[in-house]
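Heads up: the protein sequence lines correspond to chains S and V, in order.
Just so we're aligned, residue 2 is where the first sequence starts under our numbering, counting upward by one.
Just so we're aligned, residue 2 is where the second sequence starts under our numbering, counting upward by one.
Don't be surprised by glycine CBs; every beta carbon is placed ideally from N, CA and C.
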Amino acid sequence: MNAPERPGFSGQQSVELPNPLPRPEGEFERLKEAWKAPRGISFITAVNNTYVGLWYVGTAFLFFILAGILALIMRAQLAAPEGDLVGHDLYNQLFTMHGTVMMFLFAVPAVEAASVYLLPNMQAARDLPFPRLSAYAFWAYFVGGIVFLCTIFFGLAPNGGWFMYPPLTGSKYSPADNADWWLLGIGFIEISAIAGAIEIIVGVMKTRAVGMSLDKLPIYSWAMLVFAIMIVIGFPAIILGTLLLELERAFDWPFFIAERGGDPLLWQHLFWFFGHPEVYIIFLPATGMVSMIVPAMAQTPLVGYRLIILALIATGFLSFGLWVHHMFATGLPKMSLSFFSAASTAVAVPSGIQVFAWIATIASGCMKLTTPSLFIIGFLFIFTLGGLTGVMVAMAPFDWQAHDSYFVVAHLHYVLIGGMVFPLFAAFYYWMPAASKYPLSETLGRWVFGLMFLGMNVTFLPMHITGLIGMPRRVYTYPVGMGWDALNLVSTIGAFMIAAGVAIFLYDFARKFRFASEDNAGNVWNASTLEWLPNGNYATRSIPSVTSRDPLWDQPNLSQDVEEGRYYLPGTVTGGREALVTSPFDARPQYILQIPGPGWQPVLAAVFTAAFFLLLTVKFVFASVICGVLAVACVIWWLWETDPGPVRPPADIGGGIVVPVYATGSVNHSWWAMVVLMVVAGMVFTCLIFSYLFLWLVNPSAWPPQDVNIPDEVRPSLAAGLYVLSAVLLARASALLRGDDRRSPRSVPVLIGVALLPLAGAAVTDLWSQWRMGFSPSAHAYGAAVYAILCFQTFFVLTSLIMGVYTIARWLAGRLDSVRRVTFDNTMLFWYYTVGQGLVALLVVHGFPRLTGGV
Amino acid sequence: MTGQRTLQVVLTLGGLIAWAVQFTVIYGVTSTLCGRGWADATLLGMGVVQATILVATLVTLAATGLLLLASLRMVRQQSGQAASATDDFLSRVGVLMNGLSLVIILWHGVPAFILPACA
């Protein structure tokens, strides 16, 4: 693969490179051997980001096609008034599945999948830091998603709309299992998304090319970083929401039943606190792709790099202040609505900044009208229109008129198709030469673009009018004479035009796509970023040092020097898979990360996790529990091989830089992952406390209800003391472990074992103190909220107990000592979090009713 | 992360964090007071909801203004010396972030002067 230099750019003169030529004999062969993908049936155990990334993208695209077919059936039904192609029940399932699959199984996974493939290559990392976690996320999503989609063939698909509002989706009005498929199926796919987000955050912050400091980070990496942080903050709300609604359906805990102190609006708050950021979660990665493609097509650096960073981060923040704009019609005070209206209009500013930056880049260069360029132009046109109608519905009075009408359907499709699907197609065409032996056809690409662009506008532009003249969304048919007939027919024709465009794309893809890494089509666009360096399963032969945002344009001979192994870590120093961990701000080498290779553990863990949730949905509780236990066992098997310790002395990676092959503490990549995981847990817990306070707000003079007594102060105080005691014991174990002598900290496992007792005792004491008061969680929302907090805390205590026992087992197996202590550190972090959460839970459950005096 | 880096992150993201605080306070207080029927109370001679919004807005505006000044000062200091590209980048992005945050915070305070508290 060649990476021609761009004429006219002032390249820096090559200084002495870190590693001399010729490279030692056998060095490259050992590197290739370490990264070789497994063959035969074991191929599915591959964890290389290139394989998993492509499977992931392919599966997401499969869901796009299938959800698109559901849309075509709906459009065929609505083509003429009083259509009878499908009945109302199937139609309900169709629109619910279309929205759900597009949002949860296509859009978020597609952008996450693309980043699994692209991020390491763009940052010249050998792989993401947790490749088995990527594989786990993919297989869980694949198995769960396919089973979930198949429910429509059995009439079991969810039918309450993609946002599943109770009371419609409560057990009273939806007694069948359809809603449970959504709640358990989607709830668990969120976990897969969070696993991917943790991987992305650590990957962007810790595994970059040397010298790729924050000011030189590709915009796509910035976008994915913001995207992943948004997932970490936003997705816990929907995880909690689905948990509460499932608890209500399964055990009659009335979180959303107004007669017993619940409130359906609580669901809307939880859903949209996730649901609106979700739009930007989908959109921001797409803008990251656009920011990579536009400079390559215009052959000029991106204009306004810092302004685009500003826009990405500001959008990430503001998107969490918009959720109530989906609830303008629920009767909230106008003052409250105005805050969300203000945020909804303010978020247009950063989006506008990005649009103008791309236009300026196009204007400052010489844009080639390739297929990716066409999709970018189409994106700018369609997304801008969607943004404008977005500002319209951000005005509460307008929204009251357009709410639940086809105007909203038009708006959201302009935003989502314009803002995500068109950039994704641009990305397919743009990065295909990096993944395939041949690029896609430019001639057919123009047909694909033309049909999709025209089809998109023919379908959805008339829907603005259809909505404004009164057609509500989600009706399975309509009578003659409403004035909607012709508009609907036009929309249906447009939908089939989009389908024709996608069909041509599939034909071209089947014709041209041949998976390749070393013999890929190469840098056909003369792009400037590192994913276009020569690479193989091992990513790049050596890890480059970069001095600009456009290294392939600004650093002469970079491709050749990297390929010859003249940059950092040109081989493997431990004999296995490795990545170079760099500092988060300046990307200075810190240590060599020993990466686990292929294995059945993540695949089996994912299959059993999916089976646990899916079997629970159909009430096969025993089989489900067995699968849950097997999933945990597989995860432990998987973890057992991690934390390898310093298997050799520090190694020279080139240029006189010597780095260790093992690190602990805040430098370590898994420390970062654990911190992110704790943020996720903290967000779920925060949403739970919000739910508790929300239910208090809607229950004047009934918190707790008159017939409920709250426990005295003794037992909660005892529980708090036990939590603190367990943390102190663990801190003592940590201090002992810091000793240099392997024999002196002999009491470490004993201390951990002893610390388990007060931790378990605290949870039991608190549960018992509530239980003995005799109130039922199904009698009133108060009891439901209290027991939800208790159960949540108990889950964390149980997890800490498992981690504690696992840590002791590693000690006994000689896999934990004063140097090799990452496992201990992770257990300790999680333990401290559990203790902190337990103390806050005690304070809220026991302190708040006393503070408010029961009113 | 060193102390200096932590300070840089706070300077860079501080304005948006201030907006998040303002937003949480004004929405939380409005919802609670209106939901509980406590909105008739007065504070500083005006309705408690309006007063809360005013105070939250002024405090977060002041904090963001200070952050903006600190970011500008850091940019000026760095232009006179050989600061690293990362430091320079973070300071300049901080100026942009805090500037934008000032406008956004002000924008969210406006409804207090236009709309009734709980209607």
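Cutoff 8 Å; reference residue i; Cβ partners in own chain excluding five residues on either side
i, result
"Y430(S)", "T371, T372, P373, F376, P440, L441, G446"
"H109(V)", "W20, Q23, F24, I27, T58"
"P647(S)", "P661, V662, Y663, V820, R821"
"V755(S)", "L730"
"L490(S)", "A80, A81"
"P733(S)", "Checking the displayed sequence, the identity of residue 733(S) turns out to be Arg instead of Pro. Closer than 8 Å at the Cβ level, and outside the excluded window around R733(S), lie L752."
Cβ-based neighbour list, residue i, same chain, cut-off 6 Å, excluding 5 preceding and 5 following
i, result
"H404(S)", "A330"
"F695(S)", "L267"
"W273(S)", "W324, H327"
"G48(V)", "A118"
"D1(S)", "The question about residue 1(S) has no answer, for chain S in this structure spans 2 to 856."
Closer than 8 Å at the beta carbon, the chain V residues around residue i
i, result
"D587(S)", "S85, T87"
"V699(S)", "G36"
"R649(S)", "Neighbours of R649(S) on chain V: none; closest Cβ ~28 Å, over 8 Å."
Residue i versus residue j - alpha carbon distance
i, j, result
"L150(S)", "D181(S)", "13 Å"
"A125(S)", "S406(S)", "48 Å"
"E6(S)", "W554(S)", "With a pLDDT of 39 at E6(S), under the threshold of 50, the predicted position of this residue should be treated as unreliable, and no value is reported."
"I239(S)", "T853(S)", "29 Å"
"G69(S)", "A612(S)", "27 Å"
"S337(S)", "S727(S)", "43 Å"
"F849(S)", "M684(S)", "20 Å"
"N122(S)", "W533(S)", "8 Å"
"P19(S)", "L615(S)", "53 Å"
"Y166(S)", "T243(S)", "11 Å"
"H781(S)", "V787(S)", "10 Å"
"A83(V)", "V203(S)", "30 Å"
Neighbourhood of residue i by C-beta distance below 7 Å, restricted to the same chain and skipping five residues each side
i, result
"L157(S)", "D178, N179, W182"
"V681(S)", "I195, V233, P237"
"S15(S)", "Residue placement at S15(S) is poorly supported in this model, since its pLDDT is 46, which falls under 50; the coordinates still yield a value, given next. Cβ within range, chain order: P557, N558."
"P463(S)", "L488, V491, S492"
Amino acids of chain S, ordered along the chain, whose beta-carbon sits closer than 7 Å to that of residue i
i, result
"T31(V)", "P334, M336, S337"
"L59(V)", "The premise fails here: L59(V) is roughly 16 Å from chain S at the closest Cβ pair, so nothing lies under 7 Å."
"A21(V)", "F318"
Residue from the options whose Cα sits closest to the Cα of residue i
i, options, result
"H465(S)", "G420(S), P597(S), G391(S)", "G391(S)"
"K37(S)", "G839(S), N827(S), T573(S), W769(S)", "T573(S)"
"T643(S)", "L134(S), V117(S), I70(S), E26(S)", "L134(S)"
"S92(V)", "V76(V), A120(V), L44(V), I18(V)", "V76(V)"
"V677(S)", "L226(S), T152(S), V117(S)", "L226(S)"
"L245(S)", "Y693(S), M675(S), K33(S), Y539(S)", "Y693(S)"
"G629(S)", "L303(S), F284(S), I470(S), A606(S)", "A606(S)"
"M675(S)", "T828(S), Y568(S), N536(S), A624(S)", "T828(S)"
"S546(S)", "A501(S), D818(S), Y569(S)", "Y569(S)"
"G100(V)", "G36(V), G4(V), A64(V)", "A64(V)"
"A395(S)", "L67(S), C367(S), F340(S), F426(S)", "F340(S)"
"I654(S)", "V211(S), D128(S), R76(S), M393(S)", "V211(S)"
"R649(S)", "L594(S), A632(S), W601(S), F691(S)", "L594(S)"
Contact list for residue i against chain S, beta-carbon separation under 9 Å
i, result
"F114(V)", "None at all; the shortest Cβ gap to chain S is about 11 Å."
Cross-chain neighbours of residue i in chain S, by beta carbon under 8 Å
i, result
"M98(V)", "L311, I314, A315"
"A42(V)", "Neighbours of A42(V) on chain S: none; closest Cβ ~15 Å, over 8 Å."
"V50(V)", "M336"
"L73(V)", "Residues of chain S passing the Cβ test: none, with the nearest at roughly 15 Å."
Chain V contact residues for residue i, given Cβ-Cβ distances below 7 Å
i, result
"D216(S)", "A86, T87, F90"
"Q322(S)", "The sequence as given places Gly at residue 322(S); Gln does not occur at that position. By Cβ distance, chain V contributes F24."
"F686(S)", "Simply none; closest approach about 16 Å."
"A395(S)", "None at all; the shortest Cβ gap to chain V is about 12 Å."
Under 7 Å by beta carbon: chain A residues contacting residue i
i, result
"R93(V)", "Within the model displayed, chain A is absent; protein chains S and V are what it includes."
Can we say the region 285-303 of chain S touches the region 718-729 of chain S, given the rule of at least three CB pairs closer than 8 Å? no
Measuring CB atoms only, is the region 481-500 of chain S touching the region 79-97 of chain S, in the sense that at least three cross pairs come out at less than 8 Å? yes
Answer yes if the region 505-524 of chain S comes into contact with the region 422-437 of chain S, meaning at least three C-beta pairs across the two stretches below 8 Å, and no otherwise. yes
Hey, is the region 379-395 of chain S in contact with the region 417-430 of chain S, meaning 3+ C-beta pairs nearer than 8 Å? yes
When you compare the region 298-310 of chain S with the region 354-367 of chain S, are there three or more beta-carbon pairs, one atom per stretch, that lie closer than 8 Å? The region 298-310 of chain S, when compared against the region 354-367 of chain S, does touch it at the 8 Å Cβ threshold.
Three Cβ pairs or more, each shorter than 8 Å: is that satisfied between the region 202-214 of chain S and the region 582-590 of chain S? yes
Are at least three pairs of beta-carbons, each pair with one atom in the region 106-116 of chain S and one in the region 184-198 of chain S, less than 8 Å apart? yes
Can you find at least 3 beta carbon pairs, one from the region 84-104 of chain S and one from the region 37-53 of chain S, that sit closer than 8 Å? Here the region 84-104 of chain S makes no contact with the region 37-53 of chain S; the two share fewer than three CB pairs at distances below 8 Å.
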